[in-house]
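So the sequence lines, in the order shown, correspond to chains A and B. Take 1 as the starting number for the first sequence in my numbering and just add one per residue. Take 257 as the starting number for the second sequence in my numbering and just add one per residue. All residues carry an ideal CB built from backbone N, CA and C; glycine is no exception. Some notes on the structure that comes next.
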Amino acid sequence: MNDLILKIEGLTKYYGGVHALENVNFELRKGEHVAIMGDNGAGKSTFVRQLTGVEQPTRGKIVFNGNEVVFRSPIDAREAGIETVFQNLALADDLDVPSNLFLGREKILLNLGPFSILDFKGMRAATEAALKRTAVKIPDIGNMIRNMSGGQRQCVAIARTATFASKLIIMDEPTAALGVQETLQVENIIRTLKANGEPLILISHNMRQVFDLVDRIIVFRRGRIVANLRKEETSGEDVVSYITGAKTGAEFAEAV
Amino acid sequence: MAATQAGPISRESDRSLKSKFPELNVLIALVVIVATFEILGRVFMGDSFLFNTRTDVTGLFNEQRLQIIILQVSIVGIIAVGVTQVIISGGIDLSSGSVVGATAMIAMSFAQVSMVNGSPNPTAVFKGTEWLDLPVLVPLIIALGCGIIAGVTNGALVAYTRIPPFIATLGMMVTARGISKWITKGKPISFPTEAYTKIGSGMMPVVIFISIAILFHLIMTYTKYGKHSYAIGSNEEAARVSGIKVENHRILVYTIAACLAALAAVVVSSKNLTAQSGMGVMYELDAIAMAVIGGVSLSGGRGSIIGTVLGALIFGVIISGFTFMRLDAYYQEMVKGVIIVGAVVLDQWRQRSRSLRG
Numbered sequence: 001m002n003d004l005i006l007k008i009e010g011l012t013k014y015y016g017g018v019h020a021l022e023n024v025n026f027e028l029r030k031g032e033h034v035a036i037m038g039d040n041g042a043g044k045s046t047f048v049r050q051l052t053g054v055e056q057p058t059r060g061k062i063v064f065n066g067n068e069v070v071f072r073s074p075i076d077a078r079e080a081g082i083e084t085v086f087q088n089l090a091l092a093d094d095l096d097v098p099s100n101l102f103l104g105r106e107k108i109l110l111n112l113g114p115f116s117i118l119d120f121k122g123m124r125a126a127t128e129a130a131l132k133r134t135a136v137k138i139p140d141i142g143n144m145i146r147n148m149s150g151g152q153r154q155c156v157a158i159a160r161t162a163t164f165a166s167k168l169i170i171m172d173e174p175t176a177a178l179g180v181q182e183t184l185q186v187e188n189i190i191r192t193l194k195a196n197g198e199p200l201i202l203i204s205h206n207m208r209q210v211f212d213l214v215d216r217i218i219v220f221r222r223g224r225i226v227a228n229l230r231k232e233e234t235s236g237e238d239v240v241s242y243i244t245g246a247k248t249g250a251e252f253a254e255a256v
Numbered sequence: 257m258a259a260t261q262a263g264p265i266s267r268e269s270d271r272s273l274k275s276k277f278p279e280l281n282v283l284i285a286l287v288v289i290v291a292t293f294e295i296l297g298r299v300f301m302g303d304s305f306l307f308n309t310r311t312d313v314t315g316l317f318n319e320q321r322l323q324i325i326i327l328q329v330s331i332v333g334i335i336a337v338g339v340t341q342v343i344i345s346g347g348i349d350l351s352s353g354s355v356v357g358a359t360a361m362i363a364m365s366f367a368q369v370s371m372v373n374g375s376p377n378p379t380a381v382f383k384g385t386e387w388l389d390l391p392v393l394v395p396l397i398i399a400l401g402c403g404i405i406a407g408v409t410n411g412a413l414v415a416y417t418r419i420p421p422f423i424a425t426l427g428m429m430v431t432a433r434g435i436s437k438w439i440t441k442g443k444p445i446s447f448p449t450e451a452y453t454k455i456g457s458g459m460m461p462v463v464i465f466i467s468i469a470i471l472f473h474l475i476m477t478y479t480k481y482g483k484h485s486y487a488i489g490s491n492e493e494a495a496r497v498s499g500i501k502v503e504n505h506r507i508l509v510y511t512i513a514a515c516l517a518a519l520a521a522v523v524v525s526s527k528n529l530t531a532q533s534g535m536g537v538m539y540e541l542d543a544i545a546m547a548v549i550g551g552v553s554l555s556g557g558r559g560s561i562i563g564t565v566l567g568a569l570i571f572g573v574i575i576s577g578f579t580f581m582r583l584d585a586y587y588q589e590m591v592k593g594v595i596i597v598g599a600v601v602l603d604q605w606r607q608r609s610r611s612l613r614g
């Protein structure tokens, strides 16, 4: 069992009276790519927010890399090694690529507290290296994000996860806003990550993409997990019936 | 977020002179305005605006005019530097003018001499004044304290109550003005110590303004503080999920702005040898105008200290130019208004054409 990178037990989140997540159990192995699917409002994004420290769960236990963890902020999760590509990209439009990659954890040349002097050279070099590692092509990293296409922005957001020695990458609908070409580009990056043995949680609505990329599919419905399917043992139709509620996994029957 | 919808077509990376030096437009505007006054002067006044035409002094330029141009905007310029970093981080500060008033009154109370021409200082705030004639450091520290109190209050209101910065700092604007009037029930405070009068004498305001501008240019360009200010103004949510402590940063930004307003208060009260409750009225708007003319975007994330300094110089040139043309001050204000609106309209056009192309 020591190849488990992430184990979640009884994760529950209430917003006032709204039960957004109810007793979610989840496991992820080293090198494994898992997709999370589900209808809008099924709890996918809520699940991610608890896992990345953006919000704090009402109940539940998160064991990451063998240690029980409590994330009070995104920085906590990030320091533990969980990198997230958020649905809304979370990039600062008026900054260039290195500044965005290192936002909130800049390389420092001279430590003067908040007025610490930045190591621009070091950040540029590390950016080039990260782009190479993820096979992301950006013509000019000194360019502001504002001047980039949606695909380039997404690539920057993904490259950010590879800049740091991350142990788990989470992507929340990384291709939702992209064109065909750009989607292929992002999918290639994901394959590169798979080849590098980096574990990934992918939230996606795109059935073809999910079947192309991941090993396992988890289906959320109404804040609960209703299916845990190996890719080889399921089909698109099958997954859809879980998403819509036509079917519920045997081992989850009591949950619904 | 809407940013994602920006078109799929990749734009050629724009590494022209303009993208390396975005203040170029402002610099061009400055040159054009100077040239306009030069031409108008030659045609209508038979004199040069910029160059030395007197035979009894040497030098290519009319140095006296150049000095006045920058001297008359130095004090508001100090405030504008502080306001610039507030606007870049996505906020606004309307309180700086009133903070100047209140700080000038309070600091001056501690900068007074006890005896004037052998009799007790008639404007002494603290009666029975043997203990006055304090070292100049005392009013300076007190001014700094005023800045910190005003700034932390502004920053905490904006960061924690989530009311718009316009409202939070409007509250401070009214309150601080009230304080400045309340201290002496409206009477001026005069006769500062000699050491205090030196702070704002001669060209000292210019020296202070330029030093502050250089310091903050370096801070905004090369430090974490600067980077985080741009990031928060650009996309607050991104900054937050990236782990930047947005609330703390905001408080620091507003505190620095108010401390610079307090510094301006010391300089202006020292320069004028007196503090009055009405000091600094409209300074906040002039400071914001300098920043806006200098290309600082009111929606945050864009702009620079260099731009604001150029904006301040445009202000100075216009005031001097109108005086040079012997036009009434009324016209200055009217033209200032037009220029402020014009600068914002231009900024909007630039943004719109950019997003259309994008």
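Task: Through-space distance from residue 494 of chain B to residue 80 of chain A, alpha-carbon basis - done: Locating residue 80 of chain A in the first sequence gives position 80, counting from the first residue. Locating residue 494 of chain B in the second sequence gives position 238, counting from the first residue. Each residue's Cα considered, the two are about 19 Å apart.
Task: Inter-stretch contact at 8 Å, needing at least 3 Cβ pairs: the region 531–543 of chain B / the region 133–144 of chain A - done: no
Task: Beta-carbon neighbours of residue 73 of chain A, restricted to chain B and to distances below 7 Å - done: Along the first sequence, read from residue 1 onward, the residue named residue 73 of chain A stands at position 73. Those are 499, listed as they occur along chain B.
TODO: Could you list the residues in the region 462–482 of chain B with a C-beta less than 7 Å from some C-beta on chain A, going in chain order?
DONE: 475, 478, 479, 480 and 481
Task: Cβ-based neighbour list, residue 478 of chain B, same chain, cut-off 6 Å, excluding 5 preceding and 5 following - done: Against the second sequence, residue 478 of chain B aligns to sequence position 222. The answer is none, since no qualifying residue turns up.
- [ ] Note down, one range per segment and in chain order, each beta strand (DSSP E) of at least 3 residues found wholly within the region 369–398 of chain B.
- [x] none
Open item on the list: Distance check for residue 347 of chain B and residue 556 of chain B, CA to CA, integer angstroms please.
Closed with: One-based indexing of the second sequence puts residue 556 of chain B at position 300. One-based indexing of the second sequence puts residue 347 of chain B at position 91. Roughly 7 Å separates the two Cα atoms.
Task: Inter-residue Cα distance where the pair is residue 3 of chain A and residue 28 of chain A - done: For the purposes of this step, residue 3 of chain A is identified with residue 3 of the first sequence, where counting begins at 1. For the purposes of this step, residue 28 of chain A is identified with residue 28 of the first sequence, where counting begins at 1. When rounded, the distance between both Cα atoms is 9 Å.
Task: Residue range of the unbroken beta strand (DSSP E) whose run includes residue 19 of chain A - done: Within the first sequence, residue 19 of chain A is the residue found at index 19, counting from 1. Here the beta strand (DSSP E) through residue 19 of chain A covers 18–29.
- [ ] Check each residue of the region 35–58 of chain A: if its Cβ is closer than 7 Å to any Cβ of chain B, include it; give the result in chain order.
- [x] 54
Open item on the list: Going by DSSP, what residue range makes up the beta strand (DSSP E) through residue 227 of chain A?
Closed with: Your numbering for residue 227 of chain A matches position 227 in the first sequence. Here the beta strand (DSSP E) through residue 227 of chain A covers 224–230.
Task: C-beta neighbour in chain D for residue 302 of chain B, strict 8 Å - done: Here the protein chains are A and B, and chain D is not one of them.
Task: Where residue 147 of chain A sits in the DSSP three-state scheme - done: The count along the first sequence starts at 1 and reaches residue 147 of chain A at position 147. Correct three-state label for residue 147 of chain A: helix.
Task: Contact residues within the region 506–537 of chain B, judged by C-beta distance below 7 Å to chain A - done: 508
Task: Span of the beta strand (DSSP E) around residue 64 of chain A - done: Residue 64 of chain A sits at position 64 when you count from the first residue of the first sequence. Its beta strand (DSSP E) spans residues 59–64.
TODO: Can you tell me which of B:599, B:576, B:590 and B:581 puts its alpha carbon nearest to the alpha carbon of residue 567 of chain B?
DONE: For the purposes of this step, residue 567 of chain B is taken as the residue at position 311 of the second sequence. It is B:599 whose Cα lies nearest to the Cα of residue 567 of chain B.
- [ ] Return helix, strand or coil for residue 353 of chain B, following the three-state DSSP convention.
- [x] Residue mapping note: residue 353 of chain B aligns to position 97 of the second sequence, counting from 1. In the structure shown, residue 353 of chain B sits in a helix (DSSP, three-state: H, G or I).
Task: As assigned by DSSP and simplified to three states, the class of residue 459 of chain B - done: Taking the second sequence and counting its residues from 1, the one referred to as residue 459 of chain B is at position 203. Reduced to three states, the DSSP call for residue 459 of chain B is coil.
Open item on the list: Can you check whether the C-beta of residue 503 of chain B is within less than 8 Å of a C-beta belonging to chain A?
Closed with: Translated into the one-based positions of the second sequence, residue 503 of chain B becomes position 247. No - not a single Cβ of chain A is within 8 Å of the one on residue 503 of chain B.
Open item on the list: At the level of alpha carbons, what is the spacing between residue 66 of chain A and residue 74 of chain A?
Closed with: Position 66 of the first sequence, counting from 1, holds the residue named residue 66 of chain A. Position 74 of the first sequence, counting from 1, holds the residue named residue 74 of chain A. Residue 66 of chain A and residue 74 of chain A: Cα-Cα distance of roughly 20 Å.
Open item on the list: I'd like to know if the region 352–371 of chain B and the region 395–404 of chain B are in contact, where contact means that at least 3 CB-CB pairs between them fall below 8 Å.
Closed with: yes
Open item on the list: Nearest by alpha-carbon distance to residue 342 of chain B: which of B:515, B:417 and B:509 is it?
Closed with: Start at 1 with the first residue of the second sequence, and residue 342 of chain B comes out as number 86. That would be B:509, whose Cα lies nearest to the Cα of residue 342 of chain B.
TODO: From the DSSP output, in three-state form, read off residue 310 of chain B for me.
DONE: Locating residue 310 of chain B in the second sequence gives position 54, counting from the first residue. Residue 310 of chain B: coil per DSSP, three-state reduction.
TODO: Compare the C-beta of residue 201 of chain A against all C-beta atoms of chain B and say whether one is closer than 8 Å.
DONE: As a working note, residue 201 of chain A is residue 201 in the first sequence. Chain B contact via Cβ: absent.
Task: Neighbour flag for residue 104 of chain A against chain B, beta carbons, 8 Å - done: For this step, residue 104 of chain A is matched to residue 104 along the first sequence. With 8 Å as the cut-off, residue 104 of chain A counts as an interface residue toward chain B.
- [ ] Taking only beta-carbon positions, decide if residue 557 of chain B is within less than 8 Å of chain A.
- [x] As a position in the second sequence, residue 557 of chain B is number 301, starting the count at 1. Answer yes: the Cβ-Cβ gap between residue 557 of chain B and chain A drops below 8 Å somewhere.
TODO: Would you verify that the beta carbon of residue 487 of chain B is, or is not, closer than 8 Å to some beta carbon of chain A?
DONE: Taking the second sequence and counting its residues from 1, one reaches residue 487 of chain B at position 231. Yes - at least one Cβ of chain A is within 8 Å of the one on residue 487 of chain B.
Open item on the list: With distance defined between alpha-carbon atoms, name the residue in B:329, B:486 and B:293 nearest to residue 554 of chain B.
Closed with: As a first step, residue 554 of chain B must be located in the second sequence, where it is residue number 298. The shortest C-alpha separation from residue 554 of chain B is found at B:486.
TODO: Could you please give the first and the last residue of the uninterrupted beta strand (DSSP E) stretch that includes residue 37 of chain A?
DONE: Residue numbering aside, residue 37 of chain A sits at position 37 when the first sequence is read from its first letter. Its beta strand (DSSP E) spans residues 33–38.
Task: Paired residues, beta bridge with residue 69 of chain A - DSSP - done: On the first sequence, residue 69 of chain A is found 69 positions in, with the first residue counted as 1. Residue 69 of chain A is bridged to A:62.
- [ ] In angstroms with no decimal places, state the Cα-to-Cα distance between residue 231 of chain A and residue 277 of chain B.
- [x] Counted from its first residue, the first sequence places residue 231 of chain A at position 231. Counted from its first residue, the second sequence places residue 277 of chain B at position 21. When rounded, the distance between both Cα atoms is 53 Å.
Open item on the list: Between the region 165–175 of chain A and the region 125–138 of chain A, can you find at least three pairs of beta-carbon atoms closer than 8 Å?
Closed with: no
Open item on the list: Tell me the DSSP secondary structure of residue 42 of chain A in three-state form.
Closed with: Here residue 42 of chain A corresponds to residue number 42 of the first sequence, with the count starting at 1. In the structure shown, residue 42 of chain A sits in coil (DSSP, three-state: anything other than H, G, I, E or B).
Open item on the list: Which of the three DSSP states is assigned to residue 247 of chain A in this structure?
Closed with: Stepping through the first sequence from its first residue, residue 247 of chain A is reached at position 247. The answer is coil: DSSP assigns residue 247 of chain A none of H, G, I, E or B.
- [ ] Just the C-alpha distance for residue 292 of chain B and residue 383 of chain B, rounded to the nearest angstrom, thanks.
- [x] On the second sequence, residue 292 of chain B is found 36 positions in, with the first residue counted as 1. On the second sequence, residue 383 of chain B is found 127 positions in, with the first residue counted as 1. C-alpha separation (whole angstroms): 54 Å.
TODO: Kindly identify the DSSP beta-bridge partner or partners of residue 531 of chain B.
DONE: Position 275 of the second sequence, counted from the first residue, corresponds to residue 531 of chain B. In DSSP, residue 531 of chain B forms a bridge with B:445.
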